[in-house]
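See structure below.
2 protein chains.
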Amino acid sequence: MLTPVDLREIPTPALVLDLPRLRANAAFMAGRAAQLGVRLRPHLKTAKCAEVARLATRGQFGGITVSTLAEAAFFLGHGFADLTLAVELPPTKVAPVLDLVRHGARMTVLVDSPESAAALRDACAAAELPHPVRALVEVDCGDRRGGLPAESPALVSLARLLHGARNLELAGVLTHAGHSYACAGVPEIVAVAEQERAAAVAAAARLREAGLPCDTVSVGSTPTATHARDLRGVTEMRPGVYLLGDLDQVGLASMGRDRVAATVLATVIGHYPARNTLLVDAGGLALSKDTSAQRHGPRIGYGLVLDMPGRELEGLYVYRTNQEHGHVTADAPLPYDRLPIGSRVRVMPNHICMTAAAYDCFHVVEGDTTVVAQWPRVNGW
Amino acid sequence: MLTPVDLREIPTPALVLDLPRLRANAAFMAGRAAQLGVRLRPHLKTAKCAEVARLATRGQFGGITVSTLAEAAFFLGHGFADLTLAVELPPTKVAPVLDLVRHGARMTVLVDSPESAAALRDACAAAELPHPVRALVEVDCGDRRGGLPAESPALVSLARLLHGARNLELAGVLTHAGHSYACAGVPEIVAVAEQERAAAVAAAARLREAGLPCDTVSVGSTPTATHARDLRGVTEMRPGVYLLGDLDQVGLASMGRDRVAATVLATVIGHYPARNTLLVDAGGLALSKDTSAQRHGPRIGYGLVLDMPGRELEGLYVYRTNQEHGHVTADAPLPYDRLPIGSRVRVMPNHICMTAAAYDCFHVVEGDTTVVAQWPRVNGW
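Okay, structure coming up:
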C-alpha cells in the first residue's frame, strides 16, 4: 500500500501485528540461538507470512520449518527453499513433496513409521529429482504425540530403512517438547528442555553407533528454546510462536505482555451496564475458541482487552464468545465513557496459532496505530 | 469440475458435505416453518455458501440471514438481495451497509442502542438510496447477549428513534434464544422456545401499542426452531446450523447423528499401539478448538471418527489436538488393521460453525465417497 492508514480505518475484526515487538522477538530468539550454539530454523506455522519469515531468518542460515504442504509451497514461492515439514509424512503426501523438490525445494521430512519410510523410499527411488529428499526420524521426548522413544529398538531399524536409497538421505533426528506447554513455572520448563535435548542427542548417538549418518539433531518449542540451559549435541532449534506471542506464552514466561506482537482489532457494538458487560465484534471466529491461557490464572477468558495504542485496559477481558460476539467484563465497573459504541479496542488472545488462522493478512503497525503495511498469510492445507 | 472424483483423491484435511443429508435437513426445516406458520429466513453464517443458500431457500420467500458484511456482499453477488444482518450494527458499519443498498441489497439491520440508532438514522437521512434500510430493535429473551428486555422502557424510545426518518424504516423486533444451547433435554428447549416467542411477541405488542409499525417479529435458533410447540405472533424464524449439523446439535436433539451433513476428511499419519492411539492430520486448526458437545457425554473430545462412507467407527474419537495433529483413541483396542497409515477417516465435529470456518470450500459427496462438486465458502469479514 502507498499511504499509511490508521487502525481506526481498518474494517473489524482484523489481525494487527506490532512491528517493533516482532523485531524484538526475532532478535531475542536469534540471540538465544547464538548463545546456545545452535542454528535457528524458525517455525512459520504460526505467522504463515513471508515478511515475518524474512525477519525471523535475518542473520541466520535461511532454513525454516513448516507444518503443511500449503505453507511449503507458499514459502518456496517467496524464496525460502530449505524447508523442514515437521509433521509425520503419510504415504499419500510423498508425491506433493517430490513436486516441491522438482520446483527447487530442499525438503526435509519427518518419519516415525516403517509404512511411511518404505513409501518415501520407494517413491524417491522411482523419481527423477534434482537433489535428494532428506528424512528425519522423529523422537518422542515425552510429549506422546508422534515419534519413537530414543531407546526404542525400532528407532535404528527405521533409520536403516531411510538410509542408502536413491534420492533419499537420512538426515538425522527431530523431537518437539510439546509437553513444555503443560509446565508450571520455569524450573519445570528447564527440566523439559533438558529432557528434549537429552532424547534427541541419545537418539543421534544410537544412529551413529549403528554406523548411520546423523548430521541434524533438531529440537524446539518456544518455551524450551527460551529457557534451555544448554543444548550440547543439538544442531538446530525450531521455535515459532515466539515471533508473535500470546497470553499462553506470557503464562509460560516465554515473554512479558509487552512483547506480545499480535492482537485482534475489534469494535465496541453494545453496552450492557446492568450486567457490567459490553460487546465487541470479535467472537469465537475472530479470537478462536482456544482457552489454553486460562490455566495461568483467572480473568483471562478468550483474551485481554487493550486500548488502541495497545496498552492494557485495567482488568477488562473477553469472558464469553459467540460466533461474532465477544462479551467483555471486569471486576470493576467498565469504563463505558472511554469505550463508546463504535470505538475500538485490541484483544490479546490465548493462543495466536489458532487465532491468526482466521485472517488472510496482518495489518502491520509501527508506533501506536499507524498501519505501515499489509502482509499476506497462507491458511488452509 | 467436469469429472466426479473420489474422496480418496482429495488432499487432507478437507471439509466434506453430504448432499442427501443437506437436502433432508433443508426439507426438515422447511416443513417446520410450514407447520409453525412462519417464514423461514435461514441463517447462512454456518454454511457461508451460495449453493447451500439456494437449497435452504427453495420454496421459501428468498430472504436469508447473515452475520458479517463479507457474507452480505458475497450473497448479494450470488443473487440473494433480501439480507438481515443479525449482529448489532455499530456506527462504523453503517456506511458499508448503505453501499450494499446502493448495489441492490434490501438490507435489514439490528439495533439495540440509541448511539447506533442515531448514527443509522443520520446516515440514511443524508444518503441517496434506491430504497430504505429496514431496522429491527433487538430483544433479549434471556440469552444475555445483545438486545433489550421486552419490558424495558428503552425499547419503545429506541423504536421511536428508528421510525419516520428518511430512507429508514422501522421493521419490527428480533430475538435469538442462544441460551437454548445450554438446555438439558427437550422439555427445557421447548420452554426456552416459548420464552423466545413470548419475548418477541410482547416487544412487538409494545411497539404497536405505541403506534409504531412492526411487520417483522423474528426469532430463531436451531434448537428452538426444531422443538417450538407453536410460534403464534411470530412472522419469521432464522435457524442456521441445522443445514450442516454437528455433535452439539445431536446432543441438543435437533437431529440424529445420521443427519449430520458436514465432516472433516483426514488421513491417518501415525500408529501408537503402546498407548492405544493413532494420529490423523486433522488437528486444532482443521477441527477447531470448540468442545461444546463434550457436555453431552464422555468420549466426544474434538469429534467422532467415521469411516470413509461416513459410518461410525465404534467408539473412536479425537481426544486431543495439536495445531496439525488429532489424537484418536477408544475404550477398546483401536482397529489398526482397518486404519493403516495413509488411510482416511472422516471426523464429525463438535460445532460446525467453528470448524467450517477453516475451509474455503465444501467437497460435496453424494452416495458414499463420490465427490460431485466443490462449493466455495466465504470466510473472514
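Top line first, the protein sequences correspond to chains B and P.
First residue of the first sequence? That's 1 in the working numbering, and the numbers climb one at a time after it.
First residue of the second sequence? That's 1001 in the working numbering, and the numbers climb one at a time after it.
Virtual Cβ for every residue (Gly too), placed ideally from N, Cα, C.
Annotation for B:Gly245: Met255, Arg259, Val260 and Ala261 place their beta carbon closer than 6 Å to its own, counting only its chain and skipping 5 residues before and after. Its chain contains Val38, Arg39, Gly172, Asp215, Thr216, Val217 and Ser218 as the residues whose beta carbon lies nearer than 8 Å to that of B:Thr235, once the 5 sequence neighbours on both sides are disregarded; these appear in chain order. P:Asn1322 sits in a strand when the DSSP states are folded into three classes. For the C-beta of P:Arg1275, the chain B residues within less than 8 Å are, from N- to C-terminus, Arg144.
Residues of chain P whose Cβ lies closer than 7 Å to the Cβ of B:Ser288 are, in chain order, Lys1289. In the structure shown, B:Tyr317 adopts extended strand secondary structure according to DSSP, grouped into three states. Only those residues of the segment 1326-1342 of chain P whose C-beta falls short of 9 Å from the nearest C-beta of chain B are listed: His1327, Pro1340, Ile1341 and Gly1342. Minimum Cα-Cα distance from P:Asn1322 among the listed residues B:Thr57, B:Lys48, B:Arg145 and B:Pro132 corresponds to B:Arg145. DSSP places B:Val260 outside both helix and strand once states are collapsed to three, so it counts as coil. At a Cβ-Cβ threshold of 8 Å, B:Tyr359 and B:Leu15 count as neighbours. Ser1067, Thr1068 and Leu1069: these are the residues of the segment 1062-1078 of chain P whose beta carbon lies less than 8 Å from some beta carbon of chain B, given in chain order. In the DSSP assignment, B:Glu88 falls within the beta strand (DSSP E) that extends over Asp82 to Glu88. In the three-state DSSP reduction, P:Tyr1272 falls in the strand class (E or B).
At a cut-off of 8 Å, the C-beta of P:Ser1113 has a neighbouring C-beta in chain B. Taking 8 Å as the threshold, the shortest C-beta distance from B:Pro153 to chain P does not fall below it. P:Ala1191 and P:Leu1036 have their C-alpha atoms roughly 16 Å apart.
Of all C-beta pairs linking the segment 1069-1084 of chain P to the segment 1269-1289 of chain P, fewer than three are shorter than 8 Å, placing the two stretches out of contact. Look at B:Trp375: its C-beta is not under 8 Å from any C-beta on chain P. In the DSSP assignment, B:His227 falls within the unbroken alpha helix (DSSP H) covering Thr222 to His227. Under the DSSP definition of a beta bridge, B:Ser218 partners with B:Leu174 and B:Glu236. Using a Cβ-Cβ cut-off of 9 Å, B:Met354 is close to Gly1284, Leu1285, Ser1288, Lys1289 and Gln1323 of chain P, given in chain order. Interface criterion not met: the Cβ of P:Pro1223 is under 8 Å from no Cβ in chain B. Straight-line spacing of the CA atoms in P:Pro1340 and B:Leu110 works out to 18 Å. Taking the beta carbon of B:Pro349 as reference, no residue of chain P falls within 9 Å; the closest one sits roughly 12 Å away.
Looking only at B:Ala210, B:Asp248 and B:Leu98, the smallest Cα-Cα distance to B:Ala293 is reached by B:Asp248. The C-alpha of P:Ala1286 is placed about 29 Å away from the C-alpha of B:Cys124. In the DSSP assignment, P:Arg1106 falls within the unbroken beta strand (DSSP E) covering Arg1106 to Val1111.
For B:Ala330, there is no enclosing alpha helix (DSSP H), as DSSP marks it with neither H nor E. Rounded to whole angstroms, the gap between the alpha carbons of P:Asp1140 and P:Leu1148 is 5 Å. Residue contact with chain P for B:Thr92: present (Cβ-Cβ distance below 8 Å to some residue of chain P). In the structure shown, the three-state DSSP call for P:Asp1140 is coil. Of the residues P:Pro1132, P:Glu1194 and P:Glu1128, the one whose Cα lies closest to the Cα of P:Leu1162 is P:Pro1132. Chain-ordered listing is empty here: chain B has no CB closer than 9 Å to the CB of P:Pro1132, the nearest sitting near 22 Å. Taking 8 Å as the CB threshold, B:Gly178 lines the interface with chain P.
In the structure shown, the three-state DSSP call for P:Thr1068 is coil.
For B:Cys361, the enclosing beta strand (DSSP E) stretches over residues Cys361 to Val365.
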